[in-house]
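Residues 146 to 541 (this note's numbering) make up the sequence shown, in order.
The beta-carbon is built from N, C-alpha and C at its ideal position, and this holds for glycine as well.
Notes follow the structure.
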Amino acid sequence: MTNSFEGRKHGKNAVDKAVGRSASTLQKRRTDQNGKAASASNAVGGHARAMSSESELEDSLVPIANMVYHTGVGQFPATAQASSFNPSPEVLEIVASLPETAQMFFGILGNIDNELTRYLRSLHGVPMINMNDILEFPSSVGPNLAVSSNGAGALGLGNPGGSWADCIADRYLVTEPPSIRPENDATLQAVLQRSDELVSLLVTGVYSMDDIQNPESTEARLVRETEREVVTATCTLIMTALIHRCVLGYCGHKKRNKARQDDRRLVCTERFFRVYQALREEKTLCRDVLQEDSEITYLVNAPMTALKTKKNQKHTNDSRKIKEATLKKELNTLKQQQSPMQVLQTAPEHAHGTVTPAVVVSAKGKGKRKISIAMDDSPHGNGGGSGLARAPKRSK
146 MTNSFEGRKH GKNAVDKAVG RSASTLQKRR TDQNGKAASA SNAVGGHARA MSSESELEDS
206 LVPIANMVYH TGVGQFPATA QASSFNPSPE VLEIVASLPE TAQMFFGILG NIDNELTRYL
266 RSLHGVPMIN MNDILEFPSS VGPNLAVSSN GAGALGLGNP GGSWADCIAD RYLVTEPPSI
326 RPENDATLQA VLQRSDELVS LLVTGVYSMD DIQNPESTEA RLVRETEREV VTATCTLIMT
386 ALIHRCVLGY CGHKKRNKAR QDDRRLVCTE RFFRVYQALR EEKTLCRDVL QEDSEITYLV
446 NAPMTALKTK KNQKHTNDSR KIKEATLKKE LNTLKQQQSP MQVLQTAPEH AHGTVTPAVV
506 VSAKGKGKRK ISIAMDDSPH GNGGGSGLAR APKRSK
């Protein structure tokens, strides 16, 4: 229990390396694309949407990555006020009687107060310490089904024992715990503190068409035509599911846990950056999360795996289309080369052992004739000389 909000002495190397990669990657992308236009306007759902340019997005993302990277394990940004979170023994004794998930979130949320942390407290029955060092419990448990439906996990909701709660908890049990324990992930507090900004960045990433090859694809058009309120709601669910993935672990079906090694050991900040990158670069993923909540669980669990899978599928489909187009072109060329007039004009003189075309003329409809080619490879042709076959008699 105390590990949730004391010490955080383990996992420093993993945190520094992972977040350092995020910061350097984002800084490089921002520098490389510094010359892009400051802003662009797009019509989304019939309304003019002001879209930030990529350089502006990176300007917003890099400070967040750097802020976390330069924050040591066990220390947190001053704005988060997490370092001042020091519950009294009396408070800890009360918290120790809560369900395990509520205890875990109590230490992670600390005294951070915003829309997301209030929702998580309501969802998991997590109290908050007021100004008088007294625990205040949420007045009611939040709409847990909204989170449960996307596999975020409905564990320790404050009212265990009921058959409904048991069934929901059993359906969304953790099938794989996080590789980095939440008490060892110093980036969780930074993400929680900036959650509103990060949701806005996810929304912008969904709408961005800068990093895709075909802005007029079916998926891109679907995204552009989706109302901003729907996209914002989806990104809010993504953010909630991402926090649950970092705190609780993977709560989806085992068969859908396709995360590769590079997706497993991610601190919260880097997991967010990878989700953002996947949504920005692949609009089929945007379509999936907009249409199906279970895809949100899949995305936050394995963002790079999901992105690579979509890119591989696209490459396979493109290769198939190229092969089909090439084959169609070859067939059309072959048909043109074997047209009746061309064959007759270029046919060699009949000789022993050569293949000679035979023209077959048949009546087809009123006043129409269909000419087809039959190959005659007999030594003397059909009829012993001309190599041309007589037209078959029309059956009555």
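Given 8 Å, three or more beta-carbon pairs between the stretch 363-381 and the stretch 393-403:
no
Coarse secondary structure for Leu280, derived from DSSP in three states
Residue numbering aside, residue 280 sits at position 135 when the sequence shown is read from its first letter. Leu280: strand per DSSP, three-state reduction.
Tell me which residue opens and which closes the alpha helix (DSSP H) that Asn359 is part of.
Taking the sequence shown and counting its residues from 1, one reaches residue 359 at position 214. It is not in any alpha helix (DSSP H) - Asn359 carries neither H nor E in the DSSP assignment.
For Pro232 and Phe282, the rounded distance between their alpha carbons
To locate residue 282, count along the sequence shown from 1; it is residue 137. To locate residue 232, count along the sequence shown from 1; it is residue 87. Whole-angstrom Cα-Cα distance: 15 Å.
Do Met249 and Pro322 come within 8 Å of each other at the CB atom, strictly closer than that value?
In the sequence shown, residue 322 corresponds to position 177, counting from 1. In the sequence shown, residue 249 corresponds to position 104, counting from 1. The answer is no: Cβ separation not under 8 Å.
Please report the straight-line C-alpha distance between Thr349 and Asp311, rounded to a whole angstrom.
As a first step, residue 349 is located in the sequence shown; it is residue number 204 there, counting from the start. As a first step, residue 311 is located in the sequence shown; it is residue number 166 there, counting from the start. Their Cα atoms are separated by approximately 38 Å.
Whole alpha helix (DSSP H) elements within the stretch 366-398, 4-residue minimum
373-392
Identify whether Glu260 lies in helix, strand or coil by the three-state DSSP scheme.
As a position in the sequence shown, residue 260 is number 115, starting the count at 1. Note: Glu260 maps to helix in three-state DSSP.
If we call anything under 8 Å between Cβ atoms a contact, is Thr414 one with Ala335?
Within the sequence shown, the letter at position 269 stands for residue 414. Within the sequence shown, the letter at position 190 stands for residue 335. Cβ distance < 8 Å, so Thr414 and Ala335 count as in contact.
Rounded C-alpha distance that separates Ser308 from Leu243:
Here residue 308 refers to the residue found at position 163 when the sequence shown is read from its first residue. Here residue 243 refers to the residue found at position 98 when the sequence shown is read from its first residue. The alpha-carbon atoms of Ser308 and Leu243 are separated by roughly 19 Å.
Going by other Cβ atoms of all chains shown within 10 Å of its Cβ, with 16 needed for buried, is Pro234 buried or exposed?
Position 89 of the sequence shown, counted from the start, is the residue given in the question as residue 234. Exposed, since its Cβ has fewer than 16 Cβ neighbours within 10 Å.
For Ile279, does the count of other Cβ atoms within 10 angstroms reach 16, so buried, or fall short, so exposed?
Locating residue 279 in the sequence shown gives position 134, where the first residue counts as 1. Result: exposed.
Which whole-angstrom value is the C-beta distance of Leu435 and Val375, which I expect to be below 8 Å?
Position 290 of the sequence shown, counted from the first residue, corresponds to residue 435. Position 230 of the sequence shown, counted from the first residue, corresponds to residue 375. Indeed, because the Cβ distance is near 7 Å, the residues count as touching under 8 Å.
Which residue comes first and which comes last in the alpha helix (DSSP H) that contains Lys428?
Locating residue 428 in the sequence shown gives position 283, where the first residue counts as 1. Run containing Lys428: Lys428 to Gln436, per the alpha helix (DSSP H) assignment.
For Ile467, list the residues DSSP reports as bridge partners.
Against the sequence shown, residue 467 aligns to sequence position 322. Paired residue(s): none; Ile467 is not in a bridge.
Lys428 versus Gln482 - alpha carbon distance
For the purposes of this step, residue 428 is taken as residue 283 along the sequence shown, with counting starting at 1. For the purposes of this step, residue 482 is taken as residue 337 along the sequence shown, with counting starting at 1. Approximately 43 Å between the Cα atoms of the pair.
Kindly indicate which three-state DSSP category Ile325 falls into: helix, strand or coil?
Here residue 325 corresponds to residue number 180 of the sequence shown, with the count starting at 1. Looking at Ile325 - three-state DSSP - the assignment turns out to be coil, as it is neither helix nor strand.
Since Ile441 contacts Leu337 with CB under 8 Å, what's their CB separation in whole angstroms?
In the sequence shown, the residue the question calls residue 441 occupies position 296. In the sequence shown, the residue the question calls residue 337 occupies position 192. In fact, because the Cβ distance is near 18 Å, the residues do not count as touching under 8 Å.
Compute the distance between the beta-carbons of Ile383 and Leu346, then report whether it is under 8 Å.
Here residue 383 is taken as the residue at index 238 of the sequence shown, counted from 1. Here residue 346 is taken as the residue at index 201 of the sequence shown, counted from 1. Not in contact: Ile383 and Leu346 (Cβ atoms no closer than 8 Å).
Between the C-alpha atoms of Thr385 and Leu261, what's the straight-line distance to the nearest angstrom?
What you label residue 385 is simply residue 240 of the sequence shown in a count that begins at 1. What you label residue 261 is simply residue 116 of the sequence shown in a count that begins at 1. Cα to Cα, Thr385 sits roughly 8 Å from Leu261.
Following the continuous alpha helix (DSSP H) through Val344, name the residue where it begins and the one where it ends.
To locate residue 344, count along the sequence shown from 1; it is residue 199. Run containing Val344: Ser340 to Tyr352, per the alpha helix (DSSP H) assignment.
Among residues of its own chain, excluding the 5 on either side of Arg316, which ones have a beta-carbon nearer than 7 Å to its beta-carbon?
Here the question's residue 316 lines up with position 171 in the sequence shown. Result list for Arg316: empty, nothing under 7 Å.
Under the rule that 16 or more other beta-carbon atoms within 10 Å means buried, what is Ile545, buried or exposed?
No information on residue 545 is available, as it lies outside the stretch 146 to 541 that the chain covers here.
Roughly how many angstroms separate the alpha carbons of Glu426 and Glu361, rounded to a whole number?
One-based indexing of the sequence shown puts residue 426 at position 281. One-based indexing of the sequence shown puts residue 361 at position 216. Cα to Cα, the separation comes out at about 14 Å.
Under the DSSP definition of a beta bridge, which residues are partnered with Ile274?
Residue mapping note: residue 274 aligns to position 129 of the sequence shown, counting from 1. Ile274 is bridged to Leu280.
Taking Cβ positions, are Met354 and Asp408 nearer each other than 8 Å?
If you number the sequence shown from 1, residue 354 lands on position 209. If you number the sequence shown from 1, residue 408 lands on position 263. Not in contact: Met354 and Asp408 (Cβ atoms no closer than 8 Å).
Helix or strand or just coil, what does DSSP make of Asn231?
What you label residue 231 is simply residue 86 of the sequence shown in a count that begins at 1. Asn231: coil per DSSP, three-state reduction.
When the distance is taken between beta carbons, is Asp341 closer than 8 Å to Asn259?
On the sequence shown, position 114 is the one that residue 259 refers to. On the sequence shown, position 196 is the one that residue 341 refers to. Yes, the Cβ-Cβ distance between Asn259 and Asp341 is below 8 Å.
Of the choices Ala404, Leu333, His460 and Lys403, whose alpha-carbon is the least far from that of Val412?
Here residue 412 refers to the residue found at position 267 when the sequence shown is read from its first residue. It is Leu333 whose Cα lies nearest to the Cα of Val412.
Does the Cβ of Thr478 have 16 or more other Cβ atoms within 10 Å, making it buried, or fewer, making it exposed?
Taking the sequence shown and counting its residues from 1, the one referred to as residue 478 is at position 333. Classification of Thr478: exposed, given that the 10 Å Cβ count is below 16.
Residues in its own chain within less than 6 Å of His192 by CB, not counting five upstream and five downstream?
Position 47 of the sequence shown, counted from the first residue, corresponds to residue 192. Residue placement at His192 is poorly supported in this model, since its pLDDT is 32, which falls under 50; the coordinates are not used for a value here.
Compare the beta carbon distance of Leu472 and Lys455 with 8 Å and say whether it is the shorter of the two.
Counting from one through the sequence shown, the residue named residue 472 turns up at place 327. Counting from one through the sequence shown, the residue named residue 455 turns up at place 310. Not in contact: Leu472 and Lys455 (Cβ atoms no closer than 8 Å).
Tell me where the alpha helix (DSSP H) around Asp408 begins and ends.
What you label residue 408 is simply residue 263 of the sequence shown in a count that begins at 1. Start and end: Gln406 to Arg409.
Roughly how many angstroms lie between the CA atoms of Glu364 and Pro272, to the nearest whole one?
Your numbering for residue 364 matches position 219 in the sequence shown. Your numbering for residue 272 matches position 127 in the sequence shown. Using only the alpha carbons, I get a separation of about 42 Å.
Quick check: the Cα distance between Val392 and Asp438, rounded to an integer number of angstroms?
On the sequence shown, residue 392 is found 247 positions in, with the first residue counted as 1. On the sequence shown, residue 438 is found 293 positions in, with the first residue counted as 1. Val392 and Asp438: Cα-Cα distance of roughly 19 Å.
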